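Asks: One structure is given below, represented as structure tokens, and several questions about it will come after.
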Amino acid sequence: MSFLFKDKLTGTATVMMLIFIVAAIFGPWISPNAKEGAGATNVDNSYIGPGWQHLLGTDELGRDLLSRIIYGARPALLIALAVVGFAAIIGTLLGLIAGYAGGWIDNLIMRVSELFLSFPPLLLSLVAVTFLGPGLINALIALIISWWPWYARLIRVEASIIKSKPYVEISAAMGVPDRIIILRHILRNVTTPLIVQIAADLGTVILAAGSLAFIGLGAQPPSADWGLMVAQGRNLIFDQWWISTFSGLAIFLAVLSFNIIGDALRDHFDPRIARQ
Amino acid sequence: MKILWNRLSSALLVLFAASFVTFTLARVIPSDPSLAYIGPKATAADAAQLRITLGLDQPIPVQYIKYLGETLHGNWGYSLSTKQPVLQEIIDRLPATLELVFFAMSFALICGVAMGVYAAKYRGRIQDSIIRILAIAGVSMPAFWLGLLLQMLFAGRLTWFPATGQFDIDLKYDNPITKITGFPIFDSIVTGNFAATVNGLHHMVLPALTLSAYSFGLISRMARANLLEVMSQDYIKVARAYGLSERIVFFKLALRNALPPIVTITGLSTAYLITGTFFVEQVYNWPGIGSFAVNSLISIDYPAIMGITLLAAIGYLVINFIVDLIHAKLDPRVWMR
Amino acid sequence: MSIKTAFSSRRVRLVAVTSTALLVFASLSVPNAAHAASVFKVATSAAVTTWDPVQSFSTEAFYMTNIYEPLLWKNADGISPEYSPALATSWSASKDGKTWTFKLRAGATFHDGSAVNAAAVKASLESSKKVGGAGFIWDALKTVDAPSDDTVILNLSYAAPMDLIASSTYGAYIVNPKALAAVAADSKYYESGKDGGSGPYTISSYKSGSSVVLTAYAKHWASEKPAYSTIDISIVPDGITAQQMMTSGQVDWSTNIPLTSLTSLKRNSKYSVIKYKSPFNYVGYFNTLRAPLNNPAVRQALSMALNYREITAVGGQGYATQARGPVPAGIYPYDVATPQYVMSREKAKALLAKAGVKDLTIKITYASENSAEARFVPLIKDAFEAIGVKAEVQGILFNQQWAAAKKDPANAQDLFIVKYWPTYSDAGVDNLWSLFHSSAKPFFNLSYWKNTTYDKLIDEATELSGSDKAAAQKLYSQAMLLLYKEAPGIYLYDEAQVSVVPKKFSIPKYNINYPFSAFFAGVKLA
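Chains as they are written, first to last, in our numbering: chain D, 4 to 279; chain W, 777 to 1113; chain L, 49 to 574.
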């Protein structure tokens, strides 16, 4: 775990990520104004700029922006975990089946994955959420639909390599059931690239979810979703600039810290690539 | 050749399947698409009549086959919100997006490679750190947020650049661009209409910068990492031992061998650019495919959505195909795999 | 050859070139030199749903009133006389109000040069009644006679104010019969930007979703020619973009400035911010089919929970007033004596307790593309939660919101928020009828309310409004009182129309009767 603090950049990123996690879990307790963070309005306080009373200012309904941003950490991280989690599980399962079974099952699963991967990333999510209807859950489903093929392909490649390795054949000859061998070997070998991919994807999913919300196809008002808040502040960008600026900054910093940590993880597990 | 044929045929198959996927998704629309066609105060009878006219009452497989046939004939349906033929809308708007993508990609490639190489050269020093931070910031930044920030700062506060649009509206009347290829900046250069060129480039700066951020990040990271890996290879040491100058070693050997993955990543990031244009064009009111796509999605204009998805899939396949070709040319080893 | 291009100097060159280029471009942000003086540039969000003047029923009205003309125009508030002649120079009604005679203007022509005559008027009105988007306005019309080229006689089945109806913003344009025939043969005839109008401007170019260019029609009958022979309109869906285009000089005038920007624009000496009465208001419907919303006491309680002051302030940003019923202030049959609810949450809680309501969840839907609704609907949710009622908010595109409400009333939303306006300036025939009169299949009565007393009052009043306005008003007022007591809906606020006009231009006053329209013929330098 010490690699997370190996240099100033990675250390800073780790600290930032911890802050976001703390915000996600303990939001209601650390917000300057928990009720407003959750959505309670305070119309008389609208459009106050950043200052001592409200560190990041207030939004169009008078809610303290810092509280709203803290409350926004929870949906952001939850979506990231849920999408990556489900995509990884579904993808891993399908990849395992494909790699192990081979033949037409393998072909079918891989063709389907290729089909999904033939669209530019995010496009499939956008189209899916358009037809499912706007909302957080639908955005989740749409993103999972786009993400699982990456994992399926990753796992399947590993699975088919392992399947043909000599020690697998030897174990089979010694009477150990196929499935256990393969599972054990595959999972052992797959863990590392899986972790690296997951770490990289967490940041990307936060970005994708924020983009969906910005267009209006993700979380809906009055939820404290960062992308939604950037969209809501857009009409005010020239005068009440703080609403879009700080909400977007939250997305940026969250994605940045996950990406830096993802890099660090990759360097740690895959030192082939010479780095500093 | 066989490899090419395989790629082509699988690409076609993927296209067919992609069109079917979008088509099927479109059938799950909650709202009655005919409403967008008529207007907010239409009666139920009008809507019912329109469903029949648009063929929405036929079974799905029948509709799909009809759709396939029409698509191959160039009839991509009519946009429900603009009433114009979808293919026509796409053709009208494609040049604006392609020019934007061209400038964004050029900037990302040139700056990305230059900075990646620079960072590799000064590895471990402060220049390296700064560039690495810039690069990872580039891939982490939400395009819509960066766009809004640049707009607010450079167009709103500093007024150095226009905030929106492809050209000044006055240009249409004072210095109209004669249409030759349909690509406005290119046409303006070719016809000597330099006032228009300058105006167009002026409008292009902020959107292209915004769009290039992600690709810049990817490319510079890849360039740096690749160059470092190549520089540590044995043949480089050998070349140095033979007394070849650092310049030649660097440019002729190392860079040349580091290029192929950069080409790949350029292709990949162009694909990200496709969806990137959705957000950038919306923020900057750019009259291209991206803003058309966003409006179609928001208004659930399913013929337009299907057209755009098809276009994106085609584009993605074409880009990957070209990238593979360039990669193969640069690195003949690929043929042997 | 020595390799002069040392690595570092190459980099320096690259940086130097790039920064010089950037500086050059930056310096080019000099505001553009004098443009063609005869072009007036506009930015608007008005999308074109259709260019068909008969089918038109949406935001394209912005352009239509420049391209087409009705028989007469209804003038803006405060202008006397009430109507201005357009394609008709005079009109009169028979004693019983069932026969109207219009005398047509001599010398008026369509854009292709053909004359605007009685035959054209007859064809237009008949087409509108039969297939028009707003065809229902001609409900009273039985037949149209064209005894001579310049006379048109409208025979009605019951007395109705034909002057008001023939000046409607939808469904009343006089269209070139050649165009009527062409669109009958090909329904897409108009969509590339063709027009069959007689108005002061004609469509010279149309790029869907991005721009409309109108050029002046040289042979228009008006004695005063427009100051601007070309109107260049950019279609810009985002209010903030349109605003920025105006403040930076890209366009001369923008019509969809976000309400939230008005405070800072007021401080800008280059612009006048003018407030007008508009026919727009915001109402909500309760789903009266669903228990416990079928109990008027519960609906009254919910009505009393709302903080009307805040909702009006947040939605209207200082340019709205709380509504009295669903008829907007200033439109017939508005009655200032109609009561309105005020926030009294204790009373609301008591009413709910008395009705035995526990654990109620209200599903609220609103149009996601409407930024005002997106701003104030959270306040409604807050208000309900303050009296112990949970609320779920769903913002969807209006078309979907409306389709869902019409399709399955029993399972539809509990509260439908909508921005409404009457098709022509009679909110008795329109708002009061459309919004709350019972109907077998819901169209705009999305409270699904069936009240025979109310129906009778409205039916009688609409019959009378052609002949005895005062009597009709009395009946309408009783109906509006009933709407207050029974609370099938909530009446939120009347929204003003705010125009931001650069001081260097003189732009015609907003005309409440043509709420989506701009009249460019009257635009000139101040």
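Backbone N, C-alpha and C fix where the C-beta goes; we use that ideal spot for every residue, glycine too.
In this text the structure is predicted, and so the values were computed from the model without any measurement.
Is it true that the region 221 to 238 of chain D meets the region 58 to 66 of chain D, where meeting means three or more beta-carbon pairs spaced less than 8 Å apart?
Replies: They touch, by the three-pair rule.
Asks: Identify the continuous alpha helix (DSSP H) that holds Trp-245 of chain D and give its terminal residues.
Replies: Here the alpha helix (DSSP H) through Trp-245 of chain D covers 245 to 272.
Asks: Look at Ser-246 of chain L and Glu-433 of chain L and say whether their C-beta atoms are less than 7 Å apart.
Replies: Cβ atoms of Ser-246 of chain L and Glu-433 of chain L: not closer than 7 Å.
Asks: What residues in its chain sit with their C-beta under 8 Å from that of Thr-113 of chain L, if we drop five residues either side in the sequence?
Replies: Hits under 8 Å: Thr-217, Gly-247, Tyr-562, Ser-565, Ala-566 and Phe-567.
Asks: Counting only Cβ pairs nearer than 8 Å, list the residues of chain W close to Ser-298 of chain L.
Replies: Rather than Ser, the amino acid found at residue 298 of chain L in this sequence is Gln. Correct list: Pro-938, Thr-940, Gly-941, Asp-944 and Ile-945.
Asks: Report whether the distance from the Cβ of Thr-250 of chain L to the nearest heavy atom of the ligand GDP is below 6 Å.
Replies: In the structure on display, the ligand GDP does not appear, and there are no ligands present to speak of.
Asks: Can you confirm whether Ser-247 of chain D, when its beta carbon is compared against all beta carbons of chain W, has any partner nearer than 7 Å?
Replies: Interface residue, yes.
Asks: If I measure Cβ to Cβ from Met-113 of chain D and keep anything under 7 Å in the same chain, skipping five residues before and after, which residues do I get?
Replies: Hits under 7 Å: Ala-101 and Arg-159.
Asks: With a 10 Å radius around its C-beta and 16 neighbouring C-beta atoms as the bar for buried, classify Gly-54 of chain D as buried or exposed.
Replies: Exposed.
Asks: What is the residue span of the beta strand (DSSP E) that Phe-959 of chain W lies within?
Replies: Here Phe-959 of chain W belongs to no beta strand (DSSP E), and DSSP marks it neither H nor E.
Asks: So, is Ile-288 of chain L buried or exposed, given that buried needs 16 or more other C-beta atoms within 10 angstroms?
Replies: Counting Cβ neighbours within 10 Å, Ile-288 of chain L comes out buried, since at least 16 surround it.
Asks: Consider the Cβ of Gln-279 of chain D: report whether some Cβ of chain L lies at a distance smaller than 7 Å.
Replies: Residue placement at Gln-279 of chain D is flagged as unreliable, the pLDDT there being 35, under the threshold of 50; the coordinate-derived value follows with that caveat. Taking Cβ atoms only, chain L never reaches closer than 7 Å to Gln-279 of chain D, which makes this a no.
Asks: Per DSSP, which residues does Lys-411 of chain L bridge with? Please list them.
Replies: In DSSP, Lys-411 of chain L forms a bridge with L:Glu-440.
Asks: Return the CA-CA distance between Val-790 of chain W and Ala-1080 of chain W, expressed in angstroms with no decimal places.
Replies: Between Val-790 of chain W and Ala-1080 of chain W, the C-alpha separation is close to 20 Å.
Asks: So which residues of chain W does Leu-445 of chain L contact, with C-beta pairs closer than 8 Å?
Replies: Neighbours of Leu-445 of chain L on chain W, chain order: Ser-807, Ile-1074, Ser-1075 and Ile-1076.
Asks: Bridge partners of Lys-572 of chain L, per DSSP?
Replies: Per DSSP, L:Ser-554.
Asks: Excluding the five sequence neighbours on either side, which residues of its own chain have a C-beta within less than 7 Å of the C-beta of Pro-983 of chain W, listed in chain order?
Replies: Answer for Pro-983 of chain W: Leu-876, Val-1056, Tyr-1060 and Trp-1062, listed in chain order.
Asks: Leaving out the 5 sequence neighbours to the left and right, which residues in its chain are closer than 7 Å to Trp-469 of chain L when beta-carbon positions are compared?
Replies: For Trp-469 of chain L, where only same-chain residues beyond five positions count, the Cβ hits under 7 Å are Pro-327, Phe-328 and Pro-563.
Asks: Does Gln-370 of chain L come out as helix, strand or coil in the three-state DSSP assignment?
Replies: Reduced to three states, the DSSP call for Gln-370 of chain L is strand.
Asks: Hey, would you say Arg-156 of chain D sits closer than 7 Å to Ser-116 of chain D, going by beta carbons?
Replies: Yes, the Cβ-Cβ distance between Arg-156 of chain D and Ser-116 of chain D is below 7 Å.
Asks: Quick one: Cα of Thr-1040 of chain W to Cα of Ile-201 of chain D, how far?
Replies: Spanning the two alpha carbons is a distance of roughly 22 Å.
Asks: Helix, strand or coil for Tyr-502 of chain L, going by three-state DSSP, please let me know.
Replies: Three-state result, Tyr-502 of chain L: helix.
Asks: Taking 7 Å as the CB-CB limit, is Glu-239 of chain L close to chain W?
Replies: Judged by the 7 Å Cβ criterion, Glu-239 of chain L is in contact with chain W.
Asks: Examine chain W for any beta-carbon lying closer than 7 Å to the beta-carbon of Lys-318 of chain L, and answer yes or no.
Replies: Judged by the 7 Å Cβ criterion, Lys-318 of chain L is not in contact with chain W.
Asks: Please tell me whether Ile-144 of chain D has its Cβ less than 7 Å away from any Cβ of chain W.
Replies: No, Ile-144 of chain D does not count as interfacial toward chain W.
Asks: With a CB to CB cut of under 7 Å and the five nearest residues on each side skipped, what residues in its chain are close to Val-299 of chain L?
Replies: Once the five neighbours on either side are set aside, the close Cβ partners of Val-299 of chain L are Lys-89, Val-90, Ala-91, Ser-282 and Met-293.
Asks: Which residue from D:Ala-211, D:Asp-266, D:Gly-105 and D:Arg-237 puts its Cα closest to that of Phe-255 of chain D?
Replies: Considering only alpha carbons, the answer is D:Ala-211.
Asks: Thinking just about the alpha-carbon of each residue, which of L:Pro-225, L:Lys-178 and L:Ala-188 is nearest to the one in His-159 of chain L?
Replies: The shortest Cα separation from His-159 of chain L among L:Pro-225, L:Lys-178 and L:Ala-188 belongs to L:Pro-225.
Asks: Quick one: which residues of the region 270 to 294 of chain L get their C-beta closer than 8 Å to a C-beta of chain W? List them in chain order.
Replies: Correct list: Thr-278, Asp-280, Ser-282, Val-284, Pro-285, Asp-286, Thr-289, Gln-292 and Met-293.
Asks: If Tyr-1058 of chain W and Ser-1067 of chain W are in contact, beta carbons under 8 Å, what's the gap, nearest whole angstrom?
Replies: Inspection of the sequence shows that residue 1058 of chain W is occupied by Gln rather than by Tyr. Yes, Gln-1058 of chain W and Ser-1067 of chain W are in contact; Cβ-Cβ is about 5 Å, under 8 Å.
Asks: Classify His-978 of chain W as buried or exposed, calling it buried when 16 or more other Cβ atoms lie within 10 Å of its own Cβ.
Replies: With 16 or more Cβ atoms within 10 Å of its Cβ, His-978 of chain W is classed as buried.
Asks: Which chain W residues sit within Cβ distance under 7 Å of Leu-239 of chain D?
Replies: Residues of chain W passing the Cβ test: none, with the nearest at roughly 10 Å.
Asks: If you count every other CB in all the chains shown that lies within 10 Å of the CB of Thr-253 of chain L, and 16 or more means buried, which is it?
Replies: The sequence shown places Ser at residue 253 of chain L, not Thr. Exposed: under 16 other Cβ atoms inside 10 Å.
Asks: So what does DSSP say about Val-18 of chain D, is it helix, strand or coil?
Replies: Note: Val-18 of chain D maps to helix in three-state DSSP.
Asks: In whole angstroms, what is the alpha-carbon distance linking Gly-219 of chain D and Ile-1074 of chain W?
Replies: In a straight line, the C-alpha of Gly-219 of chain D is about 8 Å away from that of Ile-1074 of chain W.
Asks: Between the C-alpha atoms of Arg-908 of chain W and Ala-895 of chain W, what's the straight-line distance to the nearest angstrom?
Replies: So the two alpha carbons sit approximately 8 Å from each other.
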